[in-house]
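Participant: In the numbering used here, the protein residues as written are 15 to 481.
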């Protein structure tokens, strides 16, 4: 197979980007099952190739040499002479004679033209209610980061006719819980931390197919301070999204129409909200700006018993940010001795740690709840004891007080539970501060292991009976 070649032509003000062709498979609703990678590749190959080579409107986004030589190409994509970059499609018998020569606008397409990559400022924003009926918000991260984007998503939903959220599979359950989201698309980016280098063309084609069906009029890329939005912005630009905004510390060139920057250490929820405000979206006057989830939540009373217990969550994606199991066991034993009910939660892979806590006097629910069910368990708790992980933000979304065992590998000013009552424990000036380490770089994990069980119990007492 010859080496792929790409030639990018940036649209100008006089050459609007043509609309994408629809993709021939049905997907609708928040719970629609995504097609397989193979099905996506088969579905997108023909319409995507045609879109890339289309001459209408004067736009040719990417050279299609690699598509003409793609194995098992479908009927309609013909092999051209070696030096040709044109992809053609067999004309359907029912097509009007002049269809290929008719400009998109004459065929009824009313999509606004690309803004020609105006200067990076708030002035580049279109009027949301008139020019952006469908907005894509992208957060290719896990549940905690998706929950923190909630206020920003609600601001967009206040003006957009439809909000589609693009997220990693790890964050899709949280995305479906966000008020204002009309549809969720799961996509695991090739540059995700735990992915190995390899061939990802079918997945990239599937991504393009999904975007071709949605046809967003604008996209907002949500990333944390240490992540770059530019890889995704490039893909969005190549698939025809006419307006893209993001926060970026790097020079984005022509990839971003809104290049937004914020101070370091800003609370993550406020940071993302500032981006959408710069794009012209505002929260409603009645919106508090706190985290939130869709209600009603599933009733978990059969699992937990009456409300008012102390919830203790073990586990987490990064070992450095987890609640130390030793501390959870000791604090649970002291609370149980006082007659306070304790419920321990965690993922299926946290069952061993949860079992150790349960032996100290807690009800073990590890691996027994979905994310919406976990939200209800936390909602009915008097307080949640947790490390810096997604359930801490889930507690903030249901307004449950949090005793946060917070490792300073990331700043608490940005990542502590937002908008709920909070007691922060842990040495925030430890040597690991600001390292962003996933595993503690200091022997003994002193920032959290210096906290005593008595301190945890005292913090719990500040909230028990106060709700």
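Positions of the beta carbon are idealized from the N, C-alpha and C atoms, including for glycine.
The structure displayed is predicted, hence computed values, not measured ones.
Check each candidate in 221, 406, 425, 456 and name the one with the smallest Cα separation from residue 416.
Facilitator: 406
Participant: How many whole angstroms separate the CB atoms of residue 201 and residue 219, which I take to be in contact at a CB cut-off of 8 Å?
Facilitator: In fact, because the Cβ distance is near 12 Å, the residues do not count as touching under 8 Å.
Participant: Can you tell me whether residue 359 is buried or exposed, with buried defined as 16 or more other CB within 10 angstroms of its CB?
Facilitator: With a threshold of 16 other beta carbon atoms within 10 Å, residue 359 meets it and is buried.
Participant: Taking a contact to mean a Cβ-Cβ separation below 8 Å, would you say residue 379 touches residue 357 in this structure?
Facilitator: yes
Participant: For the alpha helix (DSSP H) that residue 285 lies in, which residues bound it at each end?
Facilitator: Where residue 285 is concerned, the enclosing alpha helix (DSSP H) stretches over 282-292.
Participant: Buried or exposed: which applies to residue 450, given that a residue is buried once 16 or more other Cβ atoms fall within 10 Å of its Cβ?
Facilitator: exposed
Participant: Between which two residues does the beta strand (DSSP E) harbouring residue 274 extend?
Facilitator: 272-274
Participant: Count the other CB atoms within 10 Å of the CB of residue 429; is the residue buried (16 or more) or exposed (fewer)?
Facilitator: buried
Participant: Run the CB neighbour count on residue 268, radius 10 Å, all protein chains shown included, and call it buried at 16 or more, exposed below.
Facilitator: Exposed is the call here.
Participant: Can you round the beta-carbon distance between residue 307 and residue 191 to whole angstroms, since I take them to be within the 8 Å contact cut?
Facilitator: 4 Å
Participant: Considering only the alpha carbon of each residue, which of 388, 424, 366, 250 lies closest to residue 314?
Facilitator: 388
Participant: Starting from the N-terminal side, write out each stretch of the alpha helix (DSSP H) that is 4 residues or longer and does not extend beyond the stretch 320-394.
Facilitator: 339-351, 365-373, 385-393
Participant: Within 10 angstroms of the Cβ of residue 254, are there 16 or more other Cβ atoms? Answer buried if so, exposed if not.
Facilitator: buried
Participant: Quick one: is residue 425 buried, meaning 16 or more other Cβ sit within 10 Å of its Cβ, or exposed?
Facilitator: In the assembly as shown, residue 425 is a buried residue. Its beta-carbon has 16 or more other beta-carbons within 10 Å.
Participant: Only counting the same chain, and skipping five residues up and downstream in sequence, which positions put a Cβ closer than 8 Å to that of residue 438?
Facilitator: Answer for residue 438: 418, 420, 426, 430, listed in chain order.
Participant: With distances taken from CA atoms, which of 165, 322, 462 is nearest residue 300?
Facilitator: 165
Participant: Run through the DSSP bridge pairs and tell me what residue 302 is partnered with.
Facilitator: Residue 302 is not bridged to any residue.
Participant: The beta strand (DSSP E) that contains residue 262, what's its start and end?
Facilitator: Premise fails: residue 262 is in no beta strand (DSSP E) and is neither H nor E.
Participant: Specify, as a first and last residue, the run of the beta strand (DSSP E) that residue 454 falls within.
Facilitator: Residue 454 -> no beta strand (DSSP E), and no H or E assigned at all.
Participant: Any idea what DSSP makes of residue 148, helix, strand or coil?
Facilitator: strand
Participant: Considering only residues of the same chain and omitting the five flanking positions on each side of residue 401, which have a CB-CB separation below 6 Å?
Facilitator: 330, 335, 336, 337, 419
Participant: Who are the near neighbours of residue 116 in its chain, counting only those whose CB is closer than 7 Å to its CB and skipping five residues on each side?
Facilitator: Reliability of the predicted coordinates at residue 116 is poor, the pLDDT of 47 falling under 50, and no value is obtained from them.
Participant: Could you please give the first and the last residue of the uninterrupted alpha helix (DSSP H) stretch that includes residue 4?
Facilitator: Lying before the first or after the last residue shown, residue 4 is absent from the chain, which here runs from 15 to 481.
Participant: Per DSSP, residue 232 is paired with what?
Facilitator: According to DSSP, residue pairing for residue 232 in a beta bridge involves 149.
Participant: State the CB to CB distance for the pair residue 474 and residue 412, rounded to an integer number of angstroms; the pair is presumed to be in contact (CB under 8 Å).
Facilitator: In fact, because the Cβ distance is near 18 Å, the residues do not count as touching under 8 Å.
Participant: Could you check where the beta strand (DSSP E) with residue 436 kicks off and where it finishes?
Facilitator: That run of the beta strand (DSSP E) goes 436-439.
Participant: Excluding the 5 residues flanking residue 478 on each side, which residues of the same chain have their C-beta closer than 6 Å to its C-beta?
Facilitator: Here the set comprises 396.
Participant: Applying the criterion that 16 or more other CB atoms from any shown protein chain within 10 Å of the CB defines a buried residue, is residue 362 buried or exposed?
Facilitator: exposed
Participant: Let's test the definition: count the other Cβ atoms within 10 Å of the Cβ of residue 351 and tell me whether it reaches 16, buried, or not, exposed.
Facilitator: Here residue 351 is exposed: its Cβ has fewer than 16 other Cβ atoms, across all protein chains shown, within 10 Å.
Participant: Between which two residues does the alpha helix (DSSP H) containing residue 238 stretch?
Facilitator: That residue, residue 238, is in no alpha helix (DSSP H); it is neither H nor E in DSSP.
Participant: If you drop the 5 nearest sequence neighbours on each side, which residues of the same chain put their C-beta closer than 7 Å to that of residue 183?
Facilitator: 200, 202
Participant: Going by DSSP in three states, residue 190 sits in which element: helix, strand or coil?
Facilitator: helix
Participant: Can you tell me which of 221, 196, 332 puts its alpha carbon nearest to the alpha carbon of residue 452?
Facilitator: 332
Participant: Can you give me the C-alpha to C-alpha distance between residue 322 and residue 207, rounded to a whole angstrom?
Facilitator: 39 Å
Participant: Which residues does DSSP list as the beta-bridge partners of residue 419?
Facilitator: 439
Participant: Thinking C-alpha only, which one of 264, 241, 209 is nearest residue 152?
Facilitator: 241
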